[in-house]
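Under this note's numbering, the first residue of the sequence shown carries the number 42, and numbering increases by one thereafter. Worksheet for the structure shown next.
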Amino acid sequence: MADDTDRRLLAAVQAGLPLVREPYRAVAERLGLDKADVMARLERLLASGAVRRIGAVPNHYRLGLVHNGMTVWDVADAEVDRLGAAVGALDFVTHCYRRPRALPLWPYNLFAMVHGRTEGEIDDKRSVIACLLGDDCRTSDMLPSTRILKKTGLRIGA
Numbered sequence: 042m043a044d045d046t047d048r049r050l051l052a053a054v055q056a057g058l059p060l061v062r063e064p065y066r067a068v069a070e071r072l073g074l075d076k077a078d079v080m081a082r083l084e085r086l087l088a089s090g091a092v093r094r095i096g097a098v099p100n101h102y103r104l105g106l107v108h109n110g111m112t113v114w115d116v117a118d119a120e121v122d123r124l125g126a127a128v129g130a131l132d133f134v135t136h137c138y139r140r141p142r143a144l145p146l147w148p149y150n151l152f153a154m155v156h157g158r159t160e161g162e163i164d165d166k167r168s169v170i171a172c173l174l175g176d177d178c179r180t181s182d183m184l185p186s187t188r189i190l191k192k193t194g195l196r197i198g199a
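Okay, structure coming up:
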């Protein structure tokens, strides 16, 4: 269970570590802790699953991946977990979710986000997913992104 110090630490690092030679020491100094305590707390939070990973988060737009599409798939409910795991394992799928259908207008229950440098590239990635799903997919569509309205990761309060 996270205590108040853990929550202060998470609030301090959730937007990223400082870009300095010793980022953990800088965080520790800012919070009035020592570096070893910061490291131990982050290791414990990782081990417990409260923090999934610590790593760089690239800005895919600045890397040229300016075309994005949420692919949506209608697969059998009994197979959606198995198929979703297979789709989610594809290296180009960044998000993969099971969501409820809204029949009769919205038959889709599997969602997978893809990114590419061109519209053709995201269409090609959608085709790869379609081949993977094969006859298990009854229908599909893609919702291309047209504009960013908000782009942030999850932020928690201290």
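Quick reminder that beta carbons are idealized off the backbone N, C-alpha and C, glycines included.
Lys-192 counts as exposed, since fewer than 16 other C-beta atoms from the protein chains shown sit within 10 angstroms of its C-beta. When C-alpha distances from Cys-137 are compared across Val-113, Ala-143, Ala-117, Glu-120, the shortest belongs to Val-113.
The three-state secondary structure of Asp-115, taken from DSSP, is strand. Following the DSSP letters along the chain, one finds Leu-151 in no alpha helix (DSSP H) but inside the beta strand (DSSP E) bounded by residues 151–157. Contact annotation: the stretch 78–89 does not touch the stretch 114–130, with fewer than three C-beta pairs closer than 8 Å. In the three-state scheme derived from DSSP, where H, G and I count as helix and E and B as strand, Ser-168 is classed as helix. In the three-state scheme derived from DSSP, where H, G and I count as helix and E and B as strand, Pro-64 is classed as helix.
Taking a contact to require three or more Cβ pairs closer than 8 Å, the stretch 62–72 and the stretch 42–53 qualify as touching.
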